[in-house]
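Asker:
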Amino acid sequence: MNLPAPTDPGAFVHPALFYQGQAEYLAGVGGFVRAALAADEPVLVAVPGTRLDVLRESVGAGADEVTWTDMTQLGRNPGRILAALQDFADRHAGRAARIVGEPIWPGRSQAEVLEATRHEALINTAFAGRQATILCPYDVVGLPPAVVSDARRTHPTLIEKGVDLLSTDYADAPSVSADCDHPLPEPDGDAPWLEYTHGGLGEVRDHAEAWARGTALSAARQGDLILALSEAAANSLAHGGGRGALRLWRTGTGIVAEIRDGGRLADPLAGRRRPSLASVNGGRGLWMIHQLCDLVEVRASDSGLILRLHMAAS
Numbered sequence: 001m002n003l004p005a006p007t008d009p010g011a012f013v014h015p016a017l018f019y020q021g022q023a024e025y026l027a028g029v030g031g032f033v034r035a036a037l038a039a040d041e042p043v044l045v046a047v048p049g050t051r052l053d054v055l056r057e058s059v060g061a062g063a064d065e066v067t068w069t070d071m072t073q074l075g076r077n078p079g080r081i082l083a084a085l086q087d088f089a090d091r092h093a094g095r096a097a098r099i100v101g102e103p104i105w106p107g108r109s110q111a112e113v114l115e116a117t118r119h120e121a122l123i124n125t126a127f128a129g130r131q132a133t134i135l136c137p138y139d140v141v142g143l144p145p146a147v148v149s150d151a152r153r154t155h156p157t158l159i160e161k162g163v164d165l166l167s168t169d170y171a172d173a174p175s176v177s178a179d180c181d182h183p184l185p186e187p188d189g190d191a192p193w194l195e196y197t198h199g200g201l202g203e204v205r206d207h208a209e210a211w212a213r214g215t216a217l218s219a220a221r222q223g224d225l226i227l228a229l230s231e232a233a234a235n236s237l238a239h240g241g242g243r244g245a246l247r248l249w250r251t252g253t254g255i256v257a258e259i260r261d262g263g264r265l266a267d268p269l270a271g272r273r274r275p276s277l278a279s280v281n282g283g284r285g286l287w288m289i290h291q292l293c294d295l296v297e298v299r300a301s302d303s304g305l306i307l308r309l310h311m312a313a314s
């Protein structure tokens, strides 16, 4: 593996590493990290926690110089990942940051995979012109073939069997993101809508609070749900045509809340990167929603915006 070093301000490199088995994983990821350390470059490794110890051992003496993160925690909601990667690059501004990000692993739900695929596409937009390399490992044995095919669309370059290749299937972020907009399944059972308009934020909060008390959510997570729904409803009133609708239901693993309004998602990165303090609105509400929820599904169309918020049971 001989990745181009991002030595000029416009050299952002984003390869997918296709691996089969632990030996290829350690050779690809471990080699990438060791090369970065040898070049005195800052390194962040965000992979599933079960991989961290063996990678540390593979890296050897320089392991303490690496920032290690469990991606199953950071990336449980894929919408949280981008801000963390950008924060790391920002802390090392002027240097060629090296990042390993594994946002899709065997066992991810279909909904999580779609949002993680959207994240992978949006990385190319968010990091364009930045001095960084983000290596994304993909388990080609454990993951469905469709996931591997999508990785070819979200990464300009590929590494297969140690060989660097240009991806002939690479597609721009809007195209990939549109293909991630699968129809959302309807809930099992009854989930009545609560419609709200200006002056109705209190009603939304009261409804969410009363409903949450009957769930398995802890008191803290109930508070997170109420705050997330309050932010979503406030966004509807400010940017979604002054009205919206909310419904909530239980699943086998937790709860789901859905908000629909007439809004538009003008910036596809809204909520995924940390909002600027200088911005008038800056996507703060959507960013907070991503921080609070275990998964946020976003569907934007000409008819409006849908947010589907997931929280796991305690």
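Each residue of the sequence shown is one higher than the one before, starting from 1 at the first, in UniProt numbering. In this text, a Cβ means the ideal position worked out from N, Cα and C, and glycines have one as well. Please read all numbers here as calculations on a predicted model, not as lab measurements.
Take the Cβ of residue 295 as the centre, count every other Cβ of all protein chains shown within 10 Å, and call the residue buried at 16 or more, exposed below.
Answerer: By the 10 Å Cβ count, residue 295 comes out buried.
Asker: So does residue 211 have its beta carbon nearer than 7 Å to some heavy atom of the ligand ATP?
Answerer: Absence of the ligand ATP is noted for the structure shown, with no ligands found whatsoever.
Asker: Apart from the five residues just before and just after residue 154, which ones in its own chain have a Cβ nearer than 7 Å to its Cβ?
Answerer: Around residue 154: 117, 120, 121, 176.
Asker: Quick one: measure Cβ to Cβ for residue 30 and residue 52, integer angstroms, because I've assumed they're closer than 8 Å.
Answerer: In fact, because the Cβ distance is near 12 Å, the residues do not count as touching under 8 Å.
Asker: Of the choices 293, 134, 34, 205, whose alpha-carbon is the least far from that of residue 314?
Answerer: Of 293, 134, 34, 205, the residue nearest in Cα terms is 293.
Asker: To the nearest angstrom, report how far apart residue 7 and residue 112 are at their CA atoms.
Answerer: Interpretation of residue 7 is limited by its pLDDT of 43, a score under 50 that renders its predicted location unreliable; the figure taken from the coordinates is listed afterwards. Their Cα atoms are separated by approximately 34 Å.
Asker: Let me know the beta strand (DSSP E) ranges lying completely inside the region 176-204, each 3 residues or longer, listed in chain order.
Answerer: Taking only runs of at least 3 residues, the beta strand (DSSP E) segments lying wholly in the region 176-204 are 194-197.
Asker: For residue 42, which option in 49, 27, 62, 26 has the closest C-alpha, if you only look at C-alpha atoms?
Answerer: For residue 42, the nearest C-alpha among the options comes from 62.
Asker: In whole angstroms, what separates the C-alpha of residue 269 from that of residue 93?
Answerer: Distance between the alpha carbons of residue 269 and residue 93 is about 21 Å.
Asker: Going by DSSP, what residue range makes up the alpha helix (DSSP H) through residue 294?
Answerer: Looking at the DSSP string, residue 294 is not in any alpha helix (DSSP H), and its letter there is neither H nor E.
Asker: Taking the beta carbon of residue 20 as the centre, do at least 16 other beta carbons fall within 10 Å, making it buried, or is it exposed?
Answerer: By the neighbour-count rule (16 or more Cβ atoms within 10 Å), residue 20 is not buried but exposed.
Asker: Under the three-state reduction of DSSP, which class applies to residue 313: helix, strand or coil?
Answerer: Residue state, collapsed to three classes: coil.
Asker: Rounded to a whole number of angstroms, what is the C-alpha to C-alpha distance between residue 4 and residue 289?
Answerer: Low per-residue confidence applies at residue 4: pLDDT is 45, beneath 50, and the placement is therefore not dependable enough to give any value.
Asker: Check residue 70 in the structure and name its three-state DSSP category.
Answerer: Strand at residue 70.
Asker: Whole alpha helix (DSSP H) runs in the UniProt domain "MEDS" (14-156) with 4 or more residues, listed along the chain?
Answerer: List check, alpha helix (DSSP H) in window: 21-25, 31-38, 49-59, 71-74, 81-91, 110-126, 145-154.
Asker: Could you say if the region 144-161 and the region 183-190 meet the contact criterion of at least three C-beta pairs nearer than 8 Å?
Answerer: Flag = no, the region 144-161 and the region 183-190 do not touch.
Asker: Can you tell me where the alpha helix (DSSP H) holding residue 228 begins and where it ends?
Answerer: Per DSSP, residue 228 belongs to the alpha helix (DSSP H) from 219-239.
Asker: Determine whether the beta carbon atoms of residue 106 and residue 143 lie at a separation below 8 Å.
Answerer: Taking 8 Å as the Cβ cut-off, residue 106 and residue 143 qualify as a contacting pair.
Asker: Whose C-beta lies closer than 8 Å to the C-beta of residue 229 among residues of the same chain, with five residues either side of it excluded?
Answerer: Excluding positions up to five away in sequence, the list reads 204, 205, 208, 246, 257, 259, 309.
Asker: For residue 217, which option in 250, 192, 239 has the closest C-alpha, if you only look at C-alpha atoms?
Answerer: It is 250.
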